[in-house]
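Q: Here the working numbering is used: position 107 in the sequence shown is 89, and no number is missing along the way.
Just so you know, even glycine gets a beta-carbon here, dropped at the ideal spot from N, CA and C.
Treat the numbers as computed from the prediction; the structure is a model and nothing was measured.
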Amino acid sequence: MVTAAFHRATPTEPAKCVRILIVGGGYVGLYTALRLQRKLKAELAGGAAEIVVVSPDPYMTYQPFLPEAAAGAISPRHVVVPLRRVLDGCRVVVGEVTAIDHAKRTATLGTLATEESGRTEQIPYDELVLAPGSVSRTLPIPGLADHGIGFKTLEEAIGLRNHVIEQMDIASSTRDPAIRDAALTFVFVGGGFAGVEALGELEDMARYATRYYHNVVPEDMKWILVEASDRILPEVGAEMGRYTVTELRRRNIDVRLETRLESCVDRVAVLSDGARFPTRTVVWTAGVKPHPVLAATDLPLNGRGRLKCTPELSVDGVTHAWAAGDAAAVPDVTAEEPGKETAPNAQHAVRQARVLGDNIVRSLRDQPLETYAHKYVGSVASLGLHKGVAHVYGRKLKGYPAWFMHRTYHLSRVPTFNRKARVLAEWTLAGLFKREIVSLGSLEHPRAEFELAAGGKPSRDPKGSS
Ligand SMILES: Cc1cc2nc3c(=O)[nH]c(=O)nc-3n(C[C@H](O)[C@H](O)[C@H](O)COP(=O)(O)OP(=O)(O)OC[C@H]3O[C@@H](n4cnc5c(N)ncnc54)[C@H](O)[C@@H]3O)c2cc1C
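#1: Using only the alpha-carbon positions, how far apart do G287 and A277 sit?
#2: Confirm the yes/no value for this check: CB of R308, any heavy atom of ligand 1, distance under 7 Å.
#3: Pick from G100, E97, G77, S99: whose alpha carbon is nearest that of A89?
#4: Does any heavy atom of ligand 1 sit closer than 7 Å to the C-beta of Q104?
#5: Can you check the segment 39 to 118 for any alpha helix (DSSP H) of at least 4 residues that lies completely inside it and give the ranges in chain order?
#6: What first and last residue would you give for the beta strand (DSSP E) that runs through H365?
#7: In terms of residue numbering, what span does the beta strand (DSSP E) encompassing V264 cover?
#8: Just to confirm before moving on: does the CB-CB distance between H302 and D39 stay below 8 Å?
#9: Quick check: what's the CA-CA separation for A435 versus A220?
#10: Short check: CB of A15 to CB of V35, under 8 Å?
#11: V275: beta carbon under 7 Å from a heavy atom of ligand 1?
#12: Check P383 in the structure and name its three-state DSSP category.
#13: Report the residue from T410, E418, P313 whose alpha carbon sits nearest the alpha carbon of P326.
#14: Distance, Cα to Cα, R101 vs D298?
#15: Does the segment 200 to 215 touch the segment 176 to 183, meaning 3 or more C-beta pairs lie closer than 8 Å?
#16: Check whether the Cβ of N327 lies closer than 7 Å to any heavy atom of ligand 1, and answer yes or no.
#17: For the segment 45 to 60 against the segment 403 to 415, are there 3 or more C-beta pairs whose distance is under 8 Å?
#18: Going by beta carbon distance, what residues of the same chain come within less than 8 Å of G437, once the five residues before and after it are set aside?
#19: Helix, strand or coil for S254, going by three-state DSSP, please let me know.
#20: G413 lies in the alpha helix (DSSP H); which residues open and close that run?
#21: With a threshold of 8 Å, are at least 3 pairs of Cβ atoms found where one atom belongs to the segment 369 to 385 and the other to the segment 149 to 163?
#22: Using DSSP with H/G/I as helix, E/B as strand and the rest coil, what is G130?
#23: Name, in chain order, the residues that DSSP records as bridge partners for K378.
#24: Going by alpha carbons, who is nearest to A165 out of R262, E426, Y195?
#25: I need the DSSP call for I206, collapsed to helix, strand or coil.
#26: Using three-state DSSP, classify R238 as helix, strand or coil.
#27: Would I161 and C246 be called neighbours here (beta carbons separated by less than 8 Å)?
#28: When DSSP labels each residue in this structure, what does A160 get in the three-state scheme?
#29: Return the chain-ordered list of same chain residues with a C-beta closer than 6 Å to the C-beta of P428, the five sequence neighbours on each side being excluded.
#30: According to DSSP, is V(-16) helix, strand or coil?
#31: Here's the rule I'm using: 16 or more other beta-carbon atoms within 10 Å means buried, otherwise exposed. How should G174 be labelled?
#32: Using the three-state DSSP reduction, which class does P272 fall into: helix, strand or coil?
#33: Rounded to whole angstroms, how far is the Cβ of A331 from the Cβ of D308, which I believe are closer than 8 Å?
#34: Which partner residues of P313 appear in the DSSP bridge assignment?
#35: For Y358, is the beta carbon positioned less than 7 Å from some heavy atom of ligand 1?
#36: Measure the C-alpha to C-alpha separation of P200 and T120 and round it to an integer number of angstroms.
Spelled out as structure tokens, the structure:
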């Protein structure tokens, strides 16, 4: 049980400022900070509380929009929420927490400045919210670390868009059939949300783009989805998952169930069913694992590396530490079978953040804590422009209605009115004009042109150092 921590000034003791440290500026970090900012308005103004948010990026990424950003339907800037703008009552620190000594209530922090000085910083805190989310779950597959592309960040989504268009440019400019085939073969590994939506959106975009190429037609491209289990999109249920397989196959996408990627050495994807595909594109979306920073703490983890939590979202067995989202193993109190945990998705992350924020305030005011209880209501997924699949509150939708529901749902969910208006404006304009099909991959190497002009060897490193 946590004890009340707000102390008013007394004649003998000055008032104490409670520092709440939030590690991570994603779904949980942002929504918890927003909640605390609202509920602790008076304390923040009076200096009795301080909220510090540490995040490697100065923005929160609305991940469900990444597939549409990759397809060019939403600009990169509108997929993210600037933390400093929305968290004006908090201190935002751009950096990474590298270790936590909760017994001493201290976090070790690395920033760009500490990187230059070669030193790290220590931040003391009173209450800790640990929400670093998850990272791609990779396997020791030969060649994967060298050639695989992830799909969890904005950089990866935009990089993949540029890469796909670049492959079409390569195919269009060669007569070598081997180079052409490898450029036009796209392998996606993992049939969850991220893989299916990314593949659906990018295939749709590339199919559209072929109209601008004199020598590339949709039939020249091979799009392959590799999934180890016997189904895809478990989030929308078995029936809608089967529909998605049929729909993708109808679009000539090669969906291979009960199949694994075994190697991608030398840019050849070798599958467990014996198929071999020379390819320059292997997108790895085969699940997530908790962020590795959790292992650098003295907090309890479960067998899968998630933080052991109580249904009240405090870290099990310790005081003044809280967690939620992908990094936290939160008991699902609505599940019929005991021992189940809430799934790592945005639906839980957002709702948990609200309860978490409230519970911190309650604990500081010595009030009873609330239990987190939310029954998963199903999901919506986009499979490209005007194509989708949904299973929400028991209702199953396919095609255009599901796609429309996907858009309206996410428009209602993306944080801030400002972002909603910008995304809606972009969708409206996209309905009036043709799609923008251009690769801006050279943006990743801004110094290359100048280095060439200055007589040096152009480097592919964004900072210019080779
Ligand atoms: C492509 C894609 C599509 C998705 N679509 C859906 C969907 O349609 N519906 C749905 O419910 N879910 C969806 N999800 C899942 C959903 O986005 C996640 O479950 C959700 O983001 C989890 O929230 P979180 O706060 O735990 O983690 P995140 O939102 O990932 O936030 C973690 C934050 O912590 C930061 N961080 C990491 N390490 C440190 C450190 N050491 N110090 C400080 N900060 C750190 C990260 O940079 C990040 O900002 C999708 C995910 C992806 C990748």
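A: This is what the structure gives:
#1: 7 Å
#2: The sequence shown places Asp at residue 308, rather than the Arg named in the question. Yes; taking the cut-off as 7 Å, the Cβ of D308 has a heavy atom of ligand 1 nearer than that.
#3: G77
#4: no
#5: 48 to 53, 65 to 68, 94 to 99
#6: Going by the sequence as given, residue 365 is Leu instead of His. Taken as a continuous stretch (DSSP letters only), the beta strand (DSSP E) holding L365 covers 360 to 366.
#7: 263 to 266
#8: no
#9: 58 Å
#10: yes
#11: yes
#12: helix
#13: P313
#14: 32 Å
#15: yes
#16: yes
#17: yes
#18: none
#19: coil
#20: 399 to 414
#21: no
#22: strand
#23: H373
#24: R262
#25: strand
#26: strand
#27: no
#28: helix
#29: none
#30: Only weak support exists for where V(-16) lies, its pLDDT of 39 falling under 50; the value from the coordinates is given anyway. Coil, per DSSP.
#31: buried
#32: strand
#33: 7 Å
#34: E323
#35: no
#36: 31 Å
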